[in-house]
Amino acid sequence: MPYYAFLNGKMLPIEKAFVHISDLGLLRGYAVFDYLRTYNRKPFLLQQHLARFEHSARELNLELPCSGKQIEGIISRLLSKSAIRTDCGIRLLLTGGRSADGITISRPTFAITTEKLIFPPESAYRKGVKLITREFQRESPYIKTTNYKNAIRLNPEKLRQKAHEILYCFGGKILETTRNNFFVFKGDTLITPGANILHGITRSFVLSLAKGVFRVEERDVLVSELPGVSEAFITGTTRKILPVVKVNDQAIGEGKPGKNSLHLLKLFEEKVAER
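So in my numbering, spot 265 of the sequence shown is number 277, and the numbers just go up one at a time.
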């Protein structure tokens, strides 16, 4: 297997990277992570991902054993050591580590892994995807923790309804999907929720692209607004900009990927190609 991991100071094949049974990440779900990808075997938006990872660690009182510069070097070594010749995912993981009493942090477990990228099918970009809504707001939404309990619990229902993602809503407001950020267009105005969500790195990158082309609003988006939007899409590390054409039984706009969404996707791909 060509993928390697860095685990607590050691570089080893990913299939030999294990954590102890008493690790707080396993016992209590006490862990943070971040996930990025490469383009042309170069990490994309690495500094932004590192900054968010460090923020998440601070919020959970977890001490990173490496500086950002050292993490960059480890990632470079991992990519060089891996036999893969295509792009890959890179996962940063920091847990509470082994704990004698199951609650006290001693020395955090720190890992970086390289992984195979998994993408939506190409047809999803041509035809668009469906989302289904559920009432939920993530605990500590500004921190990227490993707690995806609700997403995993709802996954069978998502598959039964042939939806691409679950769209979390709370108190009549649209928030985010289980793994992605959500955007809508009303005409040439791009709107995205800004509160009680994880501020995605791809989300920020898309906003920077859009501000030169469209009017942009970061504000609450109400569920009741959906019948009046002309386009919608989700953003994420492996999704880029993925058009949404239906939410529950509500068609979005004309029920097909919108021109503004596709234009943003084109701008996204052009910017990536320049790097």
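Built from N, CA and C at the ideal position, the CB exists for glycine as well.
All values derive from a computational prediction rather than experimental measurement.
Give me, in chain order, the residues of the same chain whose beta-carbon lies closer than 7 Å to that of residue i; leave out the 5 immediate sequence neighbours on both sides.
i    : result
L210 : P153, Y154, K156 and E188
H61  : D46, L48 and I213
L166 : R146 and I178
G37  : V31, A43, T107, G108, T121 and T158
R231 : I203 and G206
Report the residue from the options whose alpha carbon sits nearest the alpha carbon of residue i.
i    : options                   : result
A285 : L48, G37, R53 and L39     : R53
T107 : E134, K223, E71 and R89   : E71
E134 : S216, E230, R191 and R251 : R251
V233 : A95, F226 and G206        : G206
A43  : L105, G184 and P25        : L105
F56  : I203, G184, F217 and L276 : F217
Y137 : R287, E282, V257 and L279 : V257
G85  : P132, D99, L58 and E127   : L58
S68  : S118, L91 and N159        : N159
P25  : I87, I83, F131 and T126   : T126
S347 : I87, F182, S34 and E230   : There is simply no residue 347 to check, as the chain begins at 13 and stops at 287 in what is shown.
G41  : F194, L276, E151 and I203 : E151
V235 : G183, R215 and I87        : G183
Y51  : E66, S88, R89 and C100    : C100
F195 : R103, R227 and R89        : R227
Grab me the residues of residue i's own chain with a C-beta within less than 6 Å of its C-beta, minus the 5 sequence neighbours each way, in chain order.
i    : result
P255 : G140, F245, P269 and S273
L238 : V259 and Q262
I96  : P14
H32  : R110
A163 : T190
G80  : L62
P168 : none
Consult DSSP for residue i and reduce its assignment to one of helix, strand or coil.
i    : result
P255 : strand
P55  : strand
G240 : helix
F65  : helix
K28  : helix
L2   : Here the chain has residues from 13 to 287 only, and residue 2 is not among them.
G85  : helix
G37  : helix
L221 : helix
R138 : helix
T214 : helix
E151 : coil
K156 : coil
L171 : helix
L76  : coil
N208 : coil
I164 : helix
R70  : helix
K93  : helix
K268 : coil
Have a look at the DSSP bridge pairing and note the partners of residue i.
i    : result
Q262 : V259
I102 : L48 and T126
A43  : T107
Y180 : R146
N193 : T247
V233 : I186
A17  : L24 and T125
L202 : F197 and V228
Return yes when the C-beta of residue i is under 7 Å from any heavy atom of the ligand MN, and no when it is not.
i    : result
I203 : For the structure depicted, the ligand MN is absent and the ligand set is empty, with no information on it obtainable.
Is residue i close to chain C, meaning its C-beta is less than 8 Å from at least one C-beta of that chain?
i   : result
F56 : This model lacks chain C altogether, as it is built from one protein chain only.
Spatial neighbours of residue i within its chain, please: C-beta separation below 8 Å, excluding the five flanking residues on both sides.
i    : result
K93  : Y16 and M23
P132 : V141, H176, T250, R251 and L254
H275 : V225
L221 : L276, L279, F280 and K283
Review point. Quick one: any contact between the region 196-212 and the region 168-177, if contact means 3 or more CB pairs under 8 Å?
Key: The region 196-212 makes no contact with the region 168-177, as fewer than three CB pairs between them are under 8 Å.
Practice item. Spell out a yes or no on whether the region 17-33 and the region 58-73 are touching, meaning 3 or more CB-CB pairs, one atom from each, closer than 8 Å. Key: No contact exists between the region 17-33 and the region 58-73.
Review point. For the region 65-76 against the region 109-124, are there 3 or more C-beta pairs whose distance is under 8 Å?
Key: Look at the beta carbons and you see the region 65-76 touching the region 109-124: at least three pairs across the two are nearer than 8 Å.
Review point. Within the chosen definition, does the region 143-153 reach the region 103-117 through at least 3 CB pairs nearer than 8 Å?
Key: The count of Cβ pairs closer than 8 Å, one atom from the region 143-153 and one from the region 103-117, stays below three, leaving the stretches out of contact.
Check your understanding: Are the region 260-269 and the region 233-252 in contact at 8 Å, needing three or more beta carbon pairs?
Key -> Judged by pairs of C-beta atoms under 8 Å, the region 260-269 touches the region 233-252, as three or more such pairs exist.
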